[in-house]
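So the structure is just underneath, and the comments pick up after that.
Protein chains: 2
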Amino acid sequence: MPQQKSSNSLRRITSHEVALRAGVSQSTVSRVFSGDERLSEATRERVLGIARDLGYKPNAIARSLITRRTKIIGLVASYMTNPFFPVVLQAFTQRLHELGWRVLLFTAGTSEDVDELLPEVLAYQVDGLIIVTASLSSQMTREVLQRGTPVVLFNRYAPGSGASAVSCANYEGGRLVAEVLLDAGHKRLAYITGRADTSTNVDRQRGFLERLAERKSHCKIELGNFTYAGGFDAALRLLKSKKRPDAIFCANDITALGALDAARKLGVRVPDELSVIGFDDIPMAQWTAYDLTTVRQPVEEMIEASVELLLERVNNINLGSVLKFLPGTLVRRGSARLQP
Amino acid sequence: MPQQKSSNSLRRITSHEVALRAGVSQSTVSRVFSGDERLSEATRERVLGIARDLGYKPNAIARSLITRRTKIIGLVASYMTNPFFPVVLQAFTQRLHELGWRVLLFTAGTSEDVDELLPEVLAYQVDGLIIVTASLSSQMTREVLQRGTPVVLFNRYAPGSGASAVSCANYEGGRLVAEVLLDAGHKRLAYITGRADTSTNVDRQRGFLERLAERKSHCKIELGNFTYAGGFDAALRLLKSKKRPDAIFCANDITALGALDAARKLGVRVPDELSVIGFDDIPMAQWTAYDLTTVRQPVEEMIEASVELLLERVNNINLGSVLKFLPGTLVRRGSARLQP
DNA sequence: CTGAAAGCGCTTACAG
DNA sequence: CTGAAAGCGCTTACAG
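Heads up: the protein sequence lines correspond to chains H and W, in order.
Residue 3 in our numbering sits at position 2 of the first sequence, and the numbers go up by one each step.
Residue 280 in our numbering sits at position 279 of the second sequence, and the numbers go up by one each step.
If you want it as C-alpha cells, here you go:
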C-alpha cells in the first residue's frame with residue numbers, strides 16, 4: 002500500500018461544513034448536537050445523517066470555551082506502587098466516563114510536585130479536582146477553591162481546608178482490629194506504621210491503640226512506611242526480638258504481605274504462632290501464598306460518594322465541604338487466628 | 002471562619018484584565034506568555050508582575066482553540082489488574098509532564114469499549130494517542146490516523162495498521178528462556194499462555210517453541226490468561242499430571258507468581274524440583290516469597306522510545322510508522338535452576 | 001422551528 | 001517593540 006496522502010483528510014470537519022451540506026445554518030447544526038429540543042425531526046435527521054457521513058463530531062475544546070465548562074476532572078494520584086491505587090484509579094475513570102466526564106491525569110511523587118503541577122491542571126480549566134492520596138498544601142487547596150474549582154480528597158482529609166473528603170473509617174477500623182485480636186486471646190501485640198504524615202496511618206493507629214488501652218492492653222510499634230520492604234524489615238525486627246509478638250496489625254495490606262514473608266523466612270508459623278492483619282483488601286490479599294485477613298475498604302462506595310460530592314459541587318459552587326467516612330469490614334482469611 | 006463569599010473571587014482573570022492594569026494591549030500580554038522574543042524587558046516584567054498579583058495564567062483551552070494544538074496526549078489503558086501497567090502509566094505521565102504535555106486518561110475493559118470511547122477522546126482534540134495494551138480495532142486505528150492524530154501502541158503492535166509501536170522483543174525473549182532452560186538440563190518443559198489474541202503472548206510463545214524445536218525439544222502448553230488465578234490453576238494441572246514438568250515458562254510475571262504458589266501448595270520445591278520463569282519483572286518479582294527469575298522489559302527505554310516516536314509524529318504528520326522492539330534481559334533470581 | 005450575530009479567551013499575521 | 005483586528009469552532013440569547 003503506497004504512502005497515503007493525508008493533505009485533504011487532515012482538515013477537521015466543522016459545524017459550518019455540515020451546515021453547508023445540509024442547507025441549514027451553523028446554529029442549527031450546533032443545536033442538533035447540544036440537545037436542543039425545538040428542532041423539527043426532519044432537520045435533525047438530515048443534519049445527523051450528513052454529520053455521520055462526514056465524520057463530524059463537535060470540537061469539545063471550542064464548546065468548553067464558550068460554555069465555560071470542560072467536563073474534565075483533574076485526577077491527582079501518587080503512590081502508584083501501592084496496588085490499592087491502580088484499582089482506585091481504574092474505578093474513578095470508569096465511573097466518570099459513564100457519567101460523561103473526562104479525566105486529566107496527574108501523577109506525583111511528592112506533594113511539592115503536586116503544588117507545582119496544579120497550576121498546569123487548572124490552566125486546562127478542569128471543572129473539579131480529585132486528589133487521591135497525594136497531599137495538597139493547604140495554601141494550594143485554598144487557591145483552588147477560591148477560583149471556584151471544587152476539590153475532593155480521597156482516602157485522606159484536611160478539616161478546615163474547605164476541601165471535601167471521602168475516606169474509610171480508619172479510626173473505627175483500627176479499633177475493630179484491636180477488638181478481634183484481643184477477643185481471640187492475643188497477648189503480645191504490635192503495630193507496623195505507615196507514613197506518619199497521613200491521616201490513614203494516624204487514624205488506624207489511634208483507633209488501634211485507644212481500643213487496646215481501653216482494654217488495658219498496649220503494643221509495640223515499628224516503622225513500616227506503607228511498603229512491602231518496610232513491612233518485611235519491621236516484622237523481621239519484631240520477630241527477632243526477645244518477647245516476640247503473637248499478633249501484628251499492619252498499616253496497610255502491602256505492609257502486611259511483607260510481614261508475612263518475614264514470618265515465612267524465619268519459619269514463624271501463621272496463624273498458629275502469629276496473626277497478621279492488614280488494611281485495604283488489595284487483590285493480592287487473596288493470593289494463596291498470603292490469604293490475608295484484612296479490613297476491606299468499601300472502594301466502590303467510596304468512589305461513588307467522591308464522585309457524587311464532587312459533581313454536586315461542580316453544579317453548585319456554594320455547597321459547603323463535607324467529610325465522609327465509610328466503614329470498613331473485616332475480611333476473615335487465614336493469616337489471623339480469630340474467634341469465629 | 003465565616004462562609005466565604007465567592008462571588009468576586011470566582012471571576013477568572015483574563016489577559017484583557019492584565020492588559021488593562023498594565024496599560025498595554027491584550028496582544029502584548031499574550032506575547033509575554035507565549036514566549037515572544039521581541040518585547041522590551043520593561044513591559045515583560047511589568048506584565049509578569051501584574052499577572053502574578055492577579056493570579057493570571059493563560060487559559061489553555063482558548064489557546065488550544067486558536068493554535069489547534071492542545072498539548073494533550075490521550076492515554077488508553079486496560080488490564081490495570083496486571084501490576085505492570087500502573088508502573089507504565091506512572092512512567093508515561095511523568096515523562097509527558099516533564100516535556101510539557103498533559104495526559105487525558107481512558108481505561109477500558111474490552112476493546113469494544115476502546116472503540117466506543119475513542120471518539121470522545123478525539124473530540125478533545127488530543128494531539129496524539131498512546132494505547133497501552135488495550136487493543137484498537139484496525140478500522141478505528143485507520144480513522145484516527147486519517148484525521149492526523151498519530152498513534153503509538155505500547156507493548157503490542159499491528160503491522161500495516163499505520164500505527165507505530167514499541168514493544169519488548171518478545172520473540173527473542175521467548176527464545177532466550179528456552180535456551181537457558183535447556184542449557185541447565187531441564188527435560189520436561191511447559192508454557193503457560195497469556196491471552197491468545199495478544200502479540201506479547203503470541204511472540205513469547207513462538208520464540209520459546211521455535212528454539213525448543215531447533216534443539217529437538219518441545220513442551221506442554223496450558224492456558225493461563227495473563228492472570229494470577231490462571232497461572233495458579235494451569236500450574237496445578239501441570240504439576241498433578243503424570244509426567245510433571247521440571248520447568249515452566251509463564252507468559253508474564255503475574256502468571257508466574259500464581260504458578261509458584263501452586264507449586265508451594267503442592268509441596269513441589271522450587272527451584273530443585275521445578276524452575277519457573279516469568280516475563281516483565283514487576284515489583285513483586287523481587288518479593289522474598291517469590292524471588293522470581295524473569296525477563297525484564299526495558300520499561301524506561303520503551304517509554305522513552307514511545308514518547309519520542311509519538312511527539313515526532315505530532316510535529317510531522319507525514320512521518321511513516323515505525324515498529325520498535327527493545328531487547329529484554331534475563332534477571333536471574335531464585336525461582337529457576339540455571340547455569341551460572 | 002430557524003437564522004444572524006455576539007462572544008468565550010486566546011494567538012498571530014499585518015502594520016507602523 | 002507594540003497595537004488593532006481577524007479568527008479558532010463552538011453556544012445561545014434575540015428576533016422573527
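From the three backbone atoms N, C-alpha and C, an ideal C-beta is built for every residue, glycine too.
All figures in this text were calculated on a predicted structure; none of them were measured in a lab.
Looking only at N202/W, R189/W, R270/W, V19/W, the smallest Cα-Cα distance to K243/W is reached by R189/W.
Ranking L97/H, V89/H, V127/H, T82/H by CA distance to the CA of R13/W puts V127/H first. In the DSSP assignment, D234/W falls outside any beta strand (DSSP E) and within the unbroken alpha helix (DSSP H) covering 229–241. In summary, G208/W is buried, with 16 or more beta-carbon neighbours lying within 10 Å of its beta-carbon over all protein chains present. By the CB criterion at 8 Å, V269/W and S336/W fall outside the cutoff. F280/W is not a Cβ neighbour of D247/W, given a cutoff of 8 Å.
Of all residues in the segment 227–243 of chain H, only Y229, F233 place a beta-carbon less than 8 Å from a beta-carbon of chain W. Counting only unbroken stretches of 4 or more residues, the alpha helix (DSSP H) elements lying wholly within the segment 61–111 of chain W are 61–68, 85–99, in sequence order.
Ranked by Cα distance from N60/H, the first of V104/W, L66/W, G56/W, L310/W is L66/W. Of the residues assessed, K72/H falls on the buried side of the cut-off, its CB having 16 or more other CB atoms within 10 angstroms.
When C-alpha distances from F107/H are compared across A109/W, T108/W, H98/W, D114/W, the shortest belongs to H98/W.
If you draw a straight line from the Cα of G101/W to the Cα of S28/W, it comes to about 23 Å. Three or more beta-carbon pairs drawn from the segment 285–296 of chain W and the segment 325–335 of chain W are found closer than 8 Å, and the two stretches are therefore classed as touching. When secondary structure is reduced to three states using DSSP, E313/H falls in the helix class. Here DSSP, grouped into helix, strand and coil, assigns K221/W to strand.
Taken through DSSP and simplified to helix, strand or coil, G174/W comes out as helix.
With a threshold of 8 Å between beta carbons, N60/W makes contact with chain H. In this model, L240/W and L210/W are separated by some 20 Å (Cα to Cα). With respect to the 8 Å criterion, R245/W and N226/W are not classified as neighbours on the basis of their beta carbons. At a beta-carbon threshold of 7 Å, the residues of chain H lying near D262/W are W288, T289, A290, ordered along the chain. Of all residues in the segment 187–208 of chain H, none places a beta-carbon less than 9 Å from a beta-carbon of chain W.
Beyond the five residues adjoining it in sequence on each side, S26/W comes within less than 7 Å, by CB distance, of A20 in the same chain, given in chain order.
Assigned with DSSP and collapsed to three states, V25/H falls in coil, not helix or strand.
Cβ contact annotation for L339/H (same chain, cutoff 8 Å, sequence separation greater than five): V181, L182, D184, A185, S276, T294, R333, in chain order. Classified as buried, H187/W has 16 or more neighbouring CB atoms from the shown chains inside 10 Å of its CB.
Put simply, the backbone Cα of L310/W is about 26 Å away from that of D114/W. Listed along chain H, the residues sitting closer than 8 Å to R265/W by beta-carbon distance are T289, A290.
Contact with chain W is found for P120/H, since one of that chain's Cβ atoms lies less than 8 Å from the residue's Cβ.
Every beta strand (DSSP E) of 3 residues or more that sits fully in the segment 257–300 of chain W is shown, in chain order, as 276–281, 294–297. Per DSSP, the unbroken alpha helix (DSSP H) holding T201/W starts and ends at 200–215. Residue contact with chain H for A63/W: present (Cβ-Cβ distance below 8 Å to some residue of chain H). The beta-bridge partner set that DSSP reports for T44/W is empty. Excluding the 5 residues flanking it on each side, D54/H has no same chain C-beta neighbour closer than 6 Å. At least 8 Å separates the beta-carbon of S322/H from that of S136/H. Rounded to whole angstroms, L237/W and I193/W show a C-alpha spacing of 11 Å. S31/H has its alpha-carbon roughly 27 Å from the corresponding atom of Q140/W.
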